[in-house]
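K.L.:
When you line the sequence shown up against mature numbering (1 follows the signal peptide of the UniProt record, and there is no 0), it's residues 32 to 561, in that order.
We treat Cβ as the ideally placed atom computed from N, Cα and C, and that holds for glycine.
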Amino acid sequence: PVTRCYNLELVVKDLAPDGFTRPVWSINGQSPGPILQANYGDRILINVTNKFGDPASIHWHGIFQNGTNFYDGIVGVTQCEIPDKVTFLYNFTLKQYGTHWYHSHFLAQIVDGLRGPLIIYNPKDPYYGKYDYEYVMTLSDWYHTPTGILLPLFRADTYKGADPIPDSGLISGLGQYDCKAAPKNSTCNSNNKVATYVVKKGKKYRFRIINTSALVHYIFSIDNHPLTIIEVDSELVKPVTLNTIPINIAQRYSVILDANQPIDNYQIRAHISICTPIDNLTINYNSALNYNVTGILKYDGAKDKLPISKAYPLNTSEACRDVNPNSLKPYYEKQVPKNVISTIKALVNFNTLSTGKTVASINNSSFVPDTSYPTNQEIVEGVNPYKLPNYDNAYVYDCNSGDCNDAAVDIYILNNNTDSHPFHLHGHRFYVLYNGENQTGIKPPHKSDFNFKDPVIRDTVTVLPNSTTVIRYNANNPGVWFFHCHIQWHLNMGMAAQMIELPSIFKNTTIPNDVTALCVGDDLDNKSKG
Ligand code: C2O
Ligand code: CU
32 PVTRCYNLEL VVKDLAPDGF TRPVWSINGQ SPGPILQANY GDRILINVTN KFGDPASIHW
92 HGIFQNGTNF YDGIVGVTQC EIPDKVTFLY NFTLKQYGTH WYHSHFLAQI VDGLRGPLII
152 YNPKDPYYGK YDYEYVMTLS DWYHTPTGIL LPLFRADTYK GADPIPDSGL ISGLGQYDCK
212 AAPKNSTCNS NNKVATYVVK KGKKYRFRII NTSALVHYIF SIDNHPLTII EVDSELVKPV
272 TLNTIPINIA QRYSVILDAN QPIDNYQIRA HISICTPIDN LTINYNSALN YNVTGILKYD
332 GAKDKLPISK AYPLNTSEAC RDVNPNSLKP YYEKQVPKNV ISTIKALVNF NTLSTGKTVA
392 SINNSSFVPD TSYPTNQEIV EGVNPYKLPN YDNAYVYDCN SGDCNDAAVD IYILNNNTDS
452 HPFHLHGHRF YVLYNGENQT GIKPPHKSDF NFKDPVIRDT VTVLPNSTTV IRYNANNPGV
512 WFFHCHIQWH LNMGMAAQMI ELPSIFKNTT IPNDVTALCV GDDLDNKSKG
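1. Is DSSP giving phenylalanine 137 helix, strand or coil here?
2. Cβ of alanine 391 versus every heavy atom of the ligand CU: is any distance shorter than 8 Å?
3. So for arginine 503, helix, strand or coil by DSSP?
4. Quick one: which unbroken beta strand (DSSP E) runs of 3-plus residues sit fully inside the stretch 97-128? Chain order, please.
5. Using the C-alpha atoms, what's the distance from histidine 256 back to isoleucine 299?
6. Does the separation of the CB atoms of isoleucine 250 and isoleucine 276 fall below 9 Å?
7. By a C-beta neighbour count over all protein chains shown, 10 Å radius and 16 as the cutoff for buried, is histidine 517 buried or exposed?
8. Please list, in chain order, all residues of the same chain as leucine 337 whose beta carbon is under 6 Å from its beta carbon, the five residues on each side excluded.
9. Any idea if tyrosine 426 is buried or exposed, counting beta-carbon neighbours within 10 angstroms, 16 or more meaning buried?
10. Taking the alpha carbon of lysine 478 as the point to measure from, which residue in Ser432, Asn394 and Thr374 has its own alpha carbon closest?
11. Does the ligand C2O have a heavy atom nearer than 8 Å to the CB of alanine 333?
12. With 16 other CB atoms within 10 Å as the buried threshold, where does threonine 178 fall?
13. Can you say whether arginine 324 is buried or exposed, counting buried as having 16 or more other CB atoms within 10 angstroms of its CB?
14. What residues in its chain sit with their C-beta under 6 Å from that of alanine 226, if we drop five residues either side in the sequence?
15. With DSSP as the reference, label tyrosine 330 as helix, strand or coil.
16. Please state whether DSSP places histidine 457 in a helix, a strand or coil.
17. Would you decide whether arginine 460 is buried or exposed? Buried here means 16 or more other CB atoms lie within 10 Å of its CB.
18. Under 9 Å between the Cβ atoms of isoleucine 77 and aspartate 264?
19. If you run the structure through DSSP and keep just helix, strand and coil, what is proline 183?
20. When you get a sec, list the residues whose CB is within less than 5 Å of any heavy atom of the ligand CU, chain order please.
21. Determine, using beta carbons only, whether aspartate 401 and valine 108 come nearer to each other than 9 Å.
22. How is glutamine 68 classed by DSSP in three states: helix, strand or coil?
23. My output table needs one value for aspartate 335: the three-state DSSP class, helix, strand or coil.
24. Please state the DSSP three-state secondary structure of histidine 248.
25. By how many angstroms is the C-alpha of serine 392 removed from the C-alpha of threonine 451?
26. Starting from the C-beta of tyrosine 330, find all residues in its chain whose C-beta is less than 7 Å away, skip the five residues before and the five after it, and write them out in chain order.
27. Please determine, among Asp480, Val367 and Ile502, the residue with the shortest C-alpha to C-alpha distance to aspartate 490.
28. State the beta-bridge partners of glycine 147 as determined by DSSP.
29. For a test of your reading of the model: does the CB of residue 19 fall under 8 Å from any non-hydrogen atom of the ligand C2O? Yes or no.
30. Check for me: the beta strand (DSSP E) holding glutamine 529 runs from which residue to which?
31. Name the DSSP bridge partner or partners of lysine 376?
32. Within the present structure, is the beta-carbon of alanine 281 separated from the nearest heavy atom of the ligand C2O by less than 8 Å?
33. On the criterion of 16 or more Cβ atoms from any shown chain inside 10 Å, does valine 399 qualify as buried, or is it exposed?
34. With a cut-off of 8 Å, do at least 3 Cβ pairs link the stretch 435-454 to the stretch 374-383?
35. With a floor of 3 residues, list each beta strand (DSSP E) that falls wholly inside the stretch 254-314, ordered by position along the chain.
36. Have a look at Val42, Ser221, Tyr297 and Leu46 and flag the residue whose alpha-carbon is nearest the alpha-carbon of residue 10.
Listed below in structure tokens is the structure:
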């Protein structure tokens, strides 16, 4: 293992991901940002220099941050904002591997472009010998209106809780848009580049697919090519081959594609589904509803022409759902921890306040990040920017009895509304013990229906409308871990809580002031692109 250094400069830049030019909250001038790569065991030092003209932060989605909770990047939970013109160093060691990503956890900057992949290679990966090359692919939705304009809507007393709809979708930062719908004075090109992946016939490819959307769930497919799932979020699974793969927000799938078809171009399709009531009255000019975001799988040697391949039948019942959790089995058998130290019932809801405004809540409490301390100026002057826990929407648990290595927390996510919600827990991957559907009401399920034997392990799970999902995780990571719906608009409305884990241990953590470390480059255990 080595130490790797990355410099990320955050700067607002005019870009046209789908052909429509708008200011983008970019990383090193691009969005998605560069692929951060490391090997298992490496330490990474990431210098984030904020030139947004606005505060910022970066969260490392799926990274456990064991012992480094203060680098989890959640403004108002684990750190203060990184002020404009300030460089903040994230510094952590990766005792894990797989497909992750990074994104802003401040305001809704993630929607404006602050997001990118984070991949940790593992040469001991049992699938390593099963493919020749690998690609990273991000899916996202895309809004033409900066969130600086959209967000105040959420604060308005008239806000009724419908989510703003995107204008288009992107595959690895590229999308198409029909400029006829754009306002007159905009800069817009209807013939934008299409995301294209070149493969060689006879080779096998691992695609690491990440849904980085604010609102959109995708049903993903590549014409003529069944895809074999080998990794879910960052956890290896036994192979499952599917033609279409539903991918909710923040989830990741690694799939193996066998380039065994005639040399030609094949359509890549990411079918948009929106899983919540949407607001047709917002300032969106056009709506990205019910269509495919497309890319091209191009065999080496194929002519430059658009694919005419045929889509797999769209299974609309996959919209707003996960791949059947019963079909996904962890590659490595794992013992579900048994020493339950806390059972949390989390009622997920929308609430209409007396003012008429709608907020989102967990147990009827709407989360508000504590951004009160210290001030930007004090951070610039050297006040420690790390947050101590505040206790808004907090659930606190310590291990006081039994085998604490085996300590477990159960969260019953009781969804009391007609939306589906992709719920994410920081600092952990969890066992999905129960993923209810079509329940009438939110009655807690019977333990006899739980899967304790081989439940799917992931970090983001879809909770179906008016249904309950039960997750369990090993409470072995002292820190404050955010727990929230990954629909950005629901998060901004307060659909979040904090898990304050083993405070008797982490209250003694000393937070570093200054880090000096030697940065050494080293070969990555990845396979180059095709
Ligand atoms: Cu992608 Cu709070 O996380
Ligand atoms: Cu939600």
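P.N.:
Put simply:
1. As a working mapping, residue 137 is identified with position 106 in the sequence shown. Here phenylalanine 137 sits in coil by DSSP.
2. Taking the sequence shown and counting its residues from 1, the one referred to as residue 391 is at position 360. Correct: alanine 391 has its Cβ closer than 8 Å to the ligand CU.
3. To locate residue 503, count along the sequence shown from 1; it is residue 472. Three-state result, arginine 503: strand.
4. 118-124
5. The residue you call residue 299 lines up with position 268 of the sequence shown. The residue you call residue 256 lines up with position 225 of the sequence shown. Rounded to whole angstroms, isoleucine 299 to histidine 256 spans 10 Å at the Cα level.
6. On the sequence shown, residue 250 is found 219 positions in, with the first residue counted as 1. On the sequence shown, residue 276 is found 245 positions in, with the first residue counted as 1. It is a contact, given that the beta carbons lie within the stated cut-off.
7. In the sequence shown, residue 517 corresponds to position 486, counting from 1. Result: buried.
8. For the purposes of this step, residue 337 is taken as the residue at position 306 of the sequence shown. Counting only Cβ-Cβ distances below 6 Å, and skipping sequence neighbours, we find nothing.
9. In the sequence shown, the residue the question calls residue 426 occupies position 395. So tyrosine 426 counts as buried.
10. As a position in the sequence shown, residue 478 is number 447, starting the count at 1. Out of Ser432, Asn394 and Thr374, Thr374 has the C-alpha closest to the C-alpha of lysine 478.
11. Locating residue 333 in the sequence shown gives position 302, counting from the first residue. No - the ligand C2O has no heavy atom lying nearer than 8 Å to the Cβ of alanine 333.
12. The residue labelled residue 178 in the question sits at position 147 within the sequence shown. Answer is buried; the Cβ neighbour count reaches 16.
13. Taking the first residue of the sequence shown as position 1, residue 324 is located at position 293. The amino acid occupying residue 324 in the given sequence is valine; arginine does not appear at that position. Buried is the call here.
14. Here residue 226 refers to the residue found at position 195 of the sequence shown. The residues are Ile202, Ser203, Leu205 and Gly326.
15. Indexing the sequence shown from 1 puts residue 330 at position 299. Strand, per DSSP.
16. On the sequence shown, residue 457 is found 426 positions in, with the first residue counted as 1. Histidine 457 falls in the coil class under three-state DSSP.
17. Along the sequence shown, read from residue 1 onward, the residue named residue 460 stands at position 429. Arginine 460 comes out buried.
18. One-based indexing of the sequence shown puts residue 77 at position 46. One-based indexing of the sequence shown puts residue 264 at position 233. Contact flag unset, no.
19. Indexing the sequence shown from 1 puts residue 183 at position 152. If DSSP states are grouped into helix, strand and coil, proline 183 belongs with the helices.
20. His452, Cys516, Ile518 and His521
21. The count along the sequence shown starts at 1 and reaches residue 401 at position 370. The count along the sequence shown starts at 1 and reaches residue 108 at position 77. Contact flag set, yes.
22. Residue numbering aside, residue 68 sits at position 37 when the sequence shown is read from its first letter. Reduced to three states, the DSSP call for glutamine 68 is strand.
23. Within the sequence shown, residue 335 is the residue found at index 304, counting from 1. Coil, per DSSP.
24. Counting from 1 along the sequence shown, the entry for residue 248 is found at position 217. Residue state, collapsed to three classes: strand.
25. As a working mapping, residue 451 is identified with position 420 in the sequence shown. As a working mapping, residue 392 is identified with position 361 in the sequence shown. In the sequence under discussion, the amino acid at residue 451 is serine, which differs from the threonine named in the question. C-alpha separation (whole angstroms): 14 Å.
26. In the sequence shown, counting from the first residue as 1, residue 330 sits at position 299. Val230, Lys232, Ala290, Ile294 and Asp295, listed in sequence order.
27. Your numbering for residue 490 matches position 459 in the sequence shown. Here the closest residue by C-alpha is Ile502.
28. Counting from 1 along the sequence shown, the entry for residue 147 is found at position 116. DSSP output for glycine 147 lists Tyr133 as bridge partner(s).
29. The chain is shown only over 32 to 561; residue 19 falls outside these bounds and no answer can be derived.
30. Here residue 529 is taken as the residue at index 498 of the sequence shown, counted from 1. Residues 527-532.
31. Taking the sequence shown and counting its residues from 1, one reaches residue 376 at position 345. DSSP, once it has assigned bridges, lists Tyr443 as partnering lysine 376.
32. Locating residue 281 in the sequence shown gives position 250, counting from the first residue. It does: the Cβ of alanine 281 is within 8 Å (strictly closer) of some heavy atom of the ligand C2O.
33. Stepping through the sequence shown from its first residue, residue 399 is reached at position 368. The residue is exposed, with fewer than 16 neighbouring Cβ atoms inside 10 Å.
34. yes
35. 258-263, 266-273, 276-278, 283-289 and 296-305
36. Within the shown structure, residues of the chain are numbered from 32 to 561, placing residue 10 beyond reach of any answer.
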